[in-house]
Every structure is written in C-alpha cells, then in structure tokens.
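**Student:** Quick one: the structure is below, questions incoming.
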Amino acid sequence: MKLYIWGTGCGTGDLVDRWLDPASVTAFLDSDPACDRFLGRPVLRPEQFEDSSDTLILVASSHTEEIARRAESCGIAPEKLLYVKNNWLLSDRSAACPGAEELPAPLLEELRRRPRLVREPLWVGKSALSERDLDGDYVRVRTLEALCRELDGVSGAAAELGVYRGGFARCINALLPERKLYLFDTFSGFDPAEAAREGRGFTEAHENTSPERVRSLLPHPDKAVFRPGLFPATAEGLEDERFCLVSLDVDLKESTLAGLRFFLPRINPGGYLLLHDCLSPLLPGVREALRRYEDETGTHLHKLPLCDISGTVVISV
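Quick note, the sequence shown lines up with residues 5 to 321 if you use our numbering.
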C-alpha cells in the first residue's frame, strides 16, 4: 500500500509520532505547503498526487470540508480518503474507504471511536468567527468567544504565547478587534534544548510557520504586535503592560512556567488566562508547571477545566 498523509501540521506530527513510521509514508499532501519536505519525505500539492489502485490518503487536518472539495477538484476519489478528524457530517465520510484494514491495529481502533455531534449554543447569535475557525476544536473556540463577551468592563491588551500557525490568534483578533494583540513565538519551532525528549513529528511540525503566514490570517493585523524569539526575553519592555485575556499554549513545562510567571500578575481583575493542554496526557509538563506555579506563589488559582480536545484550563483573575 502507498500511504499518503494530507497535512504537515501538529495533527500529522502527532499521528506519525504515535502510530506510524515516517518511512512508511510515500509523501505528504498540503494545500498550501510551507516546506518541500517533512519528516524526510516529499511534500506535494494535491494536484501532484498520482493515484493507483493501492493508495490510501490519511487526512490529518481538521478542515475536512475544504479538503473534500479540493480533493474532488483534483479528481481524487472519495474512497481514497480516510479522515482522522471531523469525518462525520450526517454520515461517516470515511465509510467508503476500503484500505483502512492495512493500518496498524491501534490506530484503526482510535479512528473507530464514536464521534459526538455538538449543538450550536443558543447564546451565539451573530458571531465574528467563521465556520473554518470552528473546525479544529469547537468547544475551545466557542468558550473563547463566551469569555471575550465578558470583557467589556475589563481593560488591557490581549496576548498569546505559543502562536504556531495563528489559528487561535486569528480568533482572538476577530473577537477583540479593538484590543492590541501581542503575539509571542519563535515562529521557527521549539527551543531544541527544551524539546529534546519530544517526538520528531511533534517538533518538526511546529517549524512550519512564520510571522508572515500568521499575519495573513488576522482580520485586524494592525492590532497585532509580533514578538519573535524565545520567551521571556521577548517580553522585555512590557513589564508595565496590563492584559485582559491571555492564551498560553507552549506545550512544554519550563516555557509554560515562564508564561504563568509573567502574565498572571499582569492580568486585570475580571480577565482570563487560557492554559491549553493542561489536562492532556501527551503533554504532562503543562500541568506540572501549573502546580509548580501555585506552590511557589502559595496561591490556589481559580481554575475551570474544559472538555475540549486537549483539556484547556481557564484561570480567572
């Protein structure tokens, strides 16, 4: 079997690290590739895909509707696609795929987990978010929207530490269009010393970004202040800045702890910090950093865990 994977982001990195040998992948497909090679394999545009009788494409991206349309326009048959995420609409998009039985049994069992359909909340009404914004993690993004609606009487800027490709930053920028938005990231991957024990797919996926790519997503780019480099050095000069909302999504223990130390004392009363991956069994360092912060400050923070994909914890100030 010739195995292709559609996507070169975190979803693909996790898929390879947990379930697959990169050598088993013929090539990666990407609608808007940021690199020519990923994990040592070529990266192709969908138009370059050459079909044969024994090919299977694992779709690791959450933007399934967009990918399904792109595949159809490229003449790729639906039965060649096996969707790892968001495979359900009113029927299982992956049901027609006959090649799944050749995948590793643990991965196949993971793909068979029952999906859940989430109803649209009654309170949403008119929203600044697009349908595409909701593809990746509906609960996380809708919670962000609900929190932003509570910030009318809270002054301060917004910030994100750990921007990656800018999907969540785009949502913050759309929901808080009048607020300055600080964006902290290396925009070139993790500090090699801190990420030395992480999987190759995980670390290499985070290298596929740039400030330009992120800026192109923002609906109000004039409000964004990019701070590229290693944190907390990139926060120099902002010691007196105050914040209303902070997204902290750096995956690793020491970087998370540095973010908590800098931002929590600077969030105005009524504001929030969203700590991504805090309940994730794949990134235990995030929760360890939170416990260490509480221990060293002698505080018990007001924490609300979410049932989103990676276990975000919302800290209210």
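Each residue gets a CB set at the ideal place from its N, CA and C atoms; glycine is no exception.
Being a predicted model, the structure only gives us computed values, none of them experimental.
1) Which class does E243 belong to by DSSP, given the choice of helix, strand or coil?
2) For G103, tell me which candidate among L86, N90 and S214 has the shortest Cα-Cα distance.
3) Select from F247, Y8 and G241 the residue whose C-alpha is nearest the C-alpha of G275.
4) Kindly identify the DSSP beta-bridge partner or partners of W92.
5) Just to confirm my understanding: we take H304, look at its own chain, exclude 5 residues before and 5 after, and list those with CB closer than 7 Å. What are they?
6) Mind reading off the beta-carbon distance from G315 to L283? Whole number of angstroms is fine, and I expect it under 8 Å.
7) Hey, is the stretch 248-255 in contact with the stretch 155-163, meaning 3+ C-beta pairs nearer than 8 Å?
8) Excluding sequence positions up to five away, which residues of its chain have a Cβ less than 8 Å from the Cβ of L138?
9) Three or more C-beta pairs closer than 8 Å, one from the stretch 253-262 and one from the stretch 221-229: is that the case here?
10) Using alpha carbons as the reference points, say which of F191, G289 and D18 lies closest to A38.
11) Expressed to the nearest angstrom, what Euclidean distance is found between the alpha-carbon atoms of K84 and L221?
12) If you drop the 5 nearest sequence neighbours on each side, which residues of the same chain put their C-beta closer than 6 Å to that of V290?
13) Could you name each continuous beta strand (DSSP E) segment of 3 residues or more that falls completely within the stretch 17-42, going from the start of the chain to the end?
14) Look at the Cβ atom of F188, then the Cβ atom of F235, and state whether they are nearer than 7 Å.
15) In chain order, which continuous runs of the alpha helix (DSSP H) of length 4 or greater are located wholly inside the stretch 117-198?
16) Where P288 and V254 are concerned, what is the direct C-alpha to C-alpha distance, given to the nearest angstrom?
17) Starting from S314, trace the alpha helix (DSSP H) in both directions and tell me its first and last residue.
18) Any C-beta of chain D sitting closer than 7 Å to the C-beta of L86?
19) For T16, count neighbouring C-beta atoms within 10 Å of its own C-beta (all shown protein chains included) and say buried if the count is 16 or more, exposed if not.
20) Would you mind sorting A237 into buried or exposed? The rule is 16 or more other CB atoms within 10 Å of its CB.
21) Since P361 sits in a beta bridge, which residues does DSSP pair it with?
22) Any idea which residues DSSP pairs T59 with across the strands?
23) Can you tell me the Cα-Cα spacing of P309 and V143, whole angstroms?
24) Report yes if the C-beta distance between R45 and V29 is below 7 Å; otherwise report no.
25) If you draw a straight line from the alpha carbon of W92 to that of G302, how long is it in whole angstroms?
26) Quick check on this structure: which residue in C14, W10, Y8 and L7 has the alpha carbon closest to the alpha carbon of D208?
27) For A228, does the three-state DSSP call read helix, strand or coil?
28) Candidates C101, R120 and L294: which alpha carbon is nearest H2's?
29) Measure how close the beta-carbons of E216 and L179 come, nearest whole angstrom, since I'm counting them as under 8 Å.
30) Looking at the structure shown, is P102 part of a helix, part of a strand, or coil, going by DSSP?
31) Would G140 and S66 be called neighbours here (beta carbons separated by less than 7 Å)?
**Tutor:** In brief:
1) coil
2) L86
3) F247
4) Answer is D96, bridged to W92.
5) Take H304, set aside five residues on each side of it, and the residues of its chain with a beta-carbon closer than 7 Å to its own are E298, in chain order.
6) 2 Å
7) A contact exists between the stretch 248-255 and the stretch 155-163.
8) V145 and R146, listed in sequence order.
9) no
10) Out of F191, G289 and D18, F191 has the C-alpha closest to the C-alpha of A38.
11) 30 Å
12) T260, D281 and C282
13) 29-33
14) yes
15) 142-152 and 171-179
16) Approximately 12 Å, taken between the alpha carbons.
17) Neither: S314 is in no alpha helix (DSSP H) and is coded neither H nor E.
18) Protein chain content of the structure displayed is limited to a single chain, and chain D is not contained in it.
19) buried
20) By the beta-carbon neighbour count (other beta carbons within 10 angstroms, threshold 16), A237 is exposed.
21) As shown, the chain starts at 5 and ends at 321. That puts residue 361 outside it, with no answer to give.
22) K6
23) 12 Å
24) yes
25) 46 Å
26) Sequence check: residue 208 is Glu here, not Asp. Of C14, W10, Y8 and L7, the residue nearest in Cα terms is C14.
27) strand
28) The structure shown does not extend to residue 2, since the chain spans only 5 to 321, so no value can be given for it.
29) The pair is not a contact, with the Cβ atoms about 23 Å apart (cut-off 8 Å).
30) The answer is coil: DSSP assigns P102 none of H, G, I, E or B.
31) yes
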